[in-house]
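Undergrad: Pasting a structure here, questions to come.
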Amino acid sequence: MTAATPPGDTTTQLKRGFGWLAVLGAVLVAAGLVGLVYAGVATLTSMLLFGWLLLIGGLVGLLHAIQARGTNFFWLGVIVAALNIAAGVVVVRRPDATAAALSMFAALLFLSAGVFRLVGTLVVRGTHFGWTLVLGAFDLLLGVLVLANWPSSSQYVIGTFFSLALLFDGLGLVATGYGGRRIVGMVSERLAGDTRPGDGPGDAHVKPVQPE
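Written out as C-alpha cells, the structure reads:
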C-alpha cells in the first residue's frame, strides 16, 4: 500500500500549479501586448504558425491513413491529409496572400453578422435592444473599415485579432491562477482551524465525575 499524501504537500502542489498557470497567463498577456504594438509581425507570425500546423496535421493524418489502409477510412484520410499539406505549403510560401484572403473573409463575416444583428434587433426588439443594436453597428463598422482599406489592412487585421486572443486568454489564465491560489489558501486555513487539537473525534473532552 502506498502512503497517503500529506495535506500540506497537496496544498503546496495545488498552489504551485495555480502559480504556474498565472505565470503562463502573464506570458500570454505580454505576447498579446507586443503583438498589438507590432501587428504586422504578429500577422506574419500567425500565418506561418497556421501554415506549419496545417503541414504537421496533414503529415500526421497521412500516417494515420497509411496505418488504416485496407479500410473505408483510407482514401478519405489520404484526401484530407493531402488538402492539409497543400494548404500548409501555400500558407507558408505566401503568408501575405493568405492574410489578405483571411482578412477579406473576416470582413465579410463582420458585415453579414452586423446586418443580421441589426435587422434582427429592429424586428424582434427584445430586452437587450440597445446593447444588441450597438454590437450590430460595431460589427458593421468594423467590416466596412477592413474592406475600405483592403488589401493594406490585411497586414495588421489578422495580427491584431491574434494578439487580442492571446491577451484575453492570458488575462483569463492569470485570473484563474490567482483566484485558485487564494481559494486553496482559504480552504487550507479553514481545514487547519477545524482540525486543531481538541476538536477531533478522538480528542473529545471528558467531563470529570464528581465524587459523591
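In terms of UniProt numbering, the sequence shown is residues 1 to 212.
Glycine residues also receive a C-beta, built at the ideal position from the N, C-alpha and C atoms.
Small disclaimer: the values here were computed from a predicted structure and weren't measured.
Taking C-alpha atoms, which residue in L111, R94, L28, G180 lies nearest to F138?
TA: When each option's Cα is compared against that of F138, the closest is L111.
Undergrad: Out of S103, L108, T121, state which residue places its alpha-carbon closest to the alpha-carbon of L44.
TA: That would be S103, whose Cα lies nearest to the Cα of L44.
Undergrad: My assumption, with CB atoms under 8 Å, is that F162 sits in contact with A42. Please give the rounded CB distance.
TA: Yes, F162 and A42 are in contact; Cβ-Cβ is about 6 Å, under 8 Å.
Undergrad: Which residues bound the alpha helix (DSSP H) around N84?
TA: From DSSP, the alpha helix (DSSP H) with N84 extends over 73 to 93.
Undergrad: Run the CB neighbour count on V174, radius 10 Å, all protein chains shown included, and call it buried at 16 or more, exposed below.
TA: When all chains shown are included, V174 counts as buried.
Undergrad: Tell me the rounded alpha-carbon separation between L118 and W131.
TA: Taking the straight line from one Cα to the other gives about 11 Å.
Undergrad: Between the C-alpha atoms of Y38 and G159, what's the straight-line distance to the nearest angstrom?
TA: Rounded to the nearest angstrom, the two C-alpha atoms are 8 Å apart.
Undergrad: I'd like the span of the alpha helix (DSSP H) that includes L45, first residue to last.
TA: A quick correction: the sequence has Thr, not Leu, at residue 45. First-last of the alpha helix (DSSP H) with T45: 39 to 67.
Undergrad: According to the Cβ coordinates, are G58 and G88 closer than 7 Å?
TA: Yes. Within cutoff.
Undergrad: By the 10 Å Cβ neighbour count, where 16 or more other Cβ atoms means buried, how is L108 classified, buried or exposed?
TA: When all chains shown are included, L108 counts as exposed.
Undergrad: Is the separation between the beta-carbon of L83 and that of D169 shorter than 7 Å?
TA: Their beta carbons are not under 7 Å apart, which means L83 does not touch D169 by this criterion.
Undergrad: Less than 7 Å between the beta carbons of T121 and L133, yes or no?
TA: Closer than 7 Å, so yes.
Undergrad: Mapping the DSSP letters down to three states, classify Y156 as helix, strand or coil.
TA: Reduced to three states, the DSSP call for Y156 is coil.
Undergrad: If you draw a straight line from the C-alpha of I79 to the C-alpha of L55, how long is it?
TA: Using only the alpha carbons, I get a separation of about 14 Å.
Undergrad: Whose CA, out of T98, G180, A106, T176, lies closest to the CA of residue 278?
TA: The structure shown does not extend to residue 278, since the chain is modelled only from 1 through 212, so no value can be given for it.
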